[in-house]
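The next block holds one structure in the form of structure tokens; read it before the comments.
Residue numbers (the working numbering): 762 to 1089.
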């Protein structure tokens, strides 16, 4: 694997190959998490990017950690679509729809910043699959730019809140809502190819707060897929997901009846034509908060091509409906 800075500007590598056991952390400075406005205090590190692994992961040589071995760093609160074939040659990369543009944009930002990054976190121990979770910023024209915020505003990633790293949630959820409003990238419903049923109006509603205890009522969490047309909508091979990587794929023969809906319940049960079961053993969707932590989540419906066809981000922050969703 290449170790020179030059390699990052067009290279990726298998993320798993870099998921080494955490080394002793570099000594961190402290600073406000956010450049403007009220902000909690964060720990801050610097480093040099060795390569961009994909649209939400970087390999970084951390300054002051006593080693030249790069660490795989996962962006805080931004989830890009997945690469499946990694290559130092962009034309050889393969992945889910939207994964290549996200990777390319992240590379572009790193190059514009000269490969030097500022890494920020509220908790040094925050991690995902042994990768430190960090907000990543690059200095462009004398100003630090948040790369996660950029990806979200361009519709190249989904907002994925992490519990201990909440400082960015207010900005990130607005950025995603703006991208959705503007129909950018992930939120352009035919980016990956027209159809199937491209003209069919589809809706998604998520019931994230089950009656009683979420842990004791998994099937009270559900995603409702609405067919708002006068014709049945076949959805075999389509899939719903949360902001993380949890997915439910509709089996062969699944159809959403005309002017009707089907439900995907988080837990287990006997499937029917219009009620499916995800088989999760814990709640899927985070409950939103109205405090400084600004927690939330979303439900997303993709077709077989990888186009995001309908979604519900919550809490709503732009053009919010007045009427709450009904229960099944």
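All C-beta atoms, glycine included, are put in the ideal place defined by N, C-alpha and C.
Distance, residue j Cα to residue i Cα
| i | j | result |
| --- | --- | --- |
| residue 1064 | residue 994 | 12 Å |
| residue 929 | residue 852 | 33 Å |
| residue 1100 | residue 983 | Since the first and last residues shown for the chain are 762 and 1089, residue 1100 lies out of range. |
| residue 1039 | residue 873 | 42 Å |
| residue 960 | residue 988 | 11 Å |
| residue 802 | residue 790 | 10 Å |
| residue 861 | residue 844 | 7 Å |
| residue 806 | residue 887 | 14 Å |
| residue 948 | residue 938 | 10 Å |
| residue 879 | residue 1011 | 41 Å |
| residue 1013 | residue 957 | 15 Å |
| residue 953 | residue 1008 | 19 Å |
| residue 856 | residue 1022 | 31 Å |
| residue 943 | residue 950 | 12 Å |
| residue 1006 | residue 1062 | 13 Å |
| residue 823 | residue 875 | 15 Å |
| residue 926 | residue 1020 | 41 Å |
| residue 828 | residue 865 | 28 Å |
| residue 1018 | residue 1054 | 39 Å |
Distance between beta carbons of residue j and residue i, contact taken as under 8 Å
| i | j | result |
| --- | --- | --- |
| residue 969 | residue 1046 | 4 Å |
| residue 859 | residue 917 | 7 Å |
| residue 909 | residue 838 | 6 Å |
| residue 904 | residue 881 | At roughly 15 Å, the Cβ-Cβ gap does not stay under 8 Å, so residue 904 and residue 881 are not in contact. |
| residue 996 | residue 1016 | 7 Å |
| residue 991 | residue 1058 | That belief does not hold up - the Cβ atoms of residue 991 and residue 1058 are roughly 32 Å apart, past 8 Å. |
| residue 811 | residue 867 | Rounded, the Cβ-Cβ distance is 14 Å, inconsistent with contact. |
| residue 1167 | residue 1070 | The displayed coordinates of the chain run from 762 to 1089. Any statement about residue 1167 would go beyond what the structure contains. |
| residue 821 | residue 809 | 7 Å |
Residue range of the beta strand (DSSP E) that includes residue i
| i | result |
| --- | --- |
| residue 987 | 983 to 988 |
| residue 834 | 832 to 836 |
| residue 1000 | 1000 to 1002 |
| residue 1072 | 1069 to 1075 |
| residue 1062 | 1058 to 1063 |
| residue 1007 | Here residue 1007 belongs to no beta strand (DSSP E), and DSSP marks it neither H nor E. |
| residue 845 | 844 to 846 |
| residue 1038 | 1036 to 1038 |
| residue 970 | Residue 970 -> no beta strand (DSSP E), and no H or E assigned at all. |
| residue 1026 | 1021 to 1026 |
Same chain only: Cβ atoms within 7 Å of residue i, ignoring 5 sequence neighbours per side
| i | result |
| --- | --- |
| residue 863 | 816, 841, 842, 912, 917 and 918 |
| residue 1032 | 1038 |
| residue 1073 | 965, 966, 967, 1059 and 1060 |
| residue 978 | 971 and 972 |
| residue 894 | 835, 837, 882, 887, 888, 923 and 926 |
N-terminal and C-terminal residue of the alpha helix (DSSP H) that residue i is part of
| i | result |
| --- | --- |
| residue 932 | 930 to 943 |
| residue 913 | 908 to 914 |
Same chain only: Cβ atoms within 6 Å of residue i, ignoring 5 sequence neighbours per side
| i | result |
| --- | --- |
| residue 1056 | 922, 1047, 1049 and 1050 |
| residue 793 | 800 |
| residue 1026 | 980, 983 and 1038 |
| residue 1024 | 983, 985, 1036 and 1089 |
| residue 783 | Residue placement at residue 783 cannot be trusted, given a pLDDT of 40 that sits under 50; the coordinates are not used to answer. |
| residue 935 | 1078 |
| residue 870 | 899 and 908 |
| residue 941 | 948 |
| residue 999 | 1011 and 1064 |
Sequence-distant residues of the same chain with beta carbon closer than 8 Å to residue i, five excluded per side
| i | result |
| --- | --- |
| residue 706 | Any answer about residue 706 is impossible in this case: the structure gives the chain only from 762 up to 1089. |
| residue 818 | 776, 833, 834, 835, 836 and 892 |
Heavy atom of the ligand PLP within 7 Å of residue i beta-carbon
| i | result |
| --- | --- |
| residue 901 | This structure simply doesn't include the ligand PLP, nor any ligand for that matter. |
Segments assigned beta strand (DSSP E), at least 3 residues, entirely inside the region 870 to 900: 877 to 882
Every unbroken alpha helix (DSSP H) inside the region 781 to 823 [4 residues or more]: none
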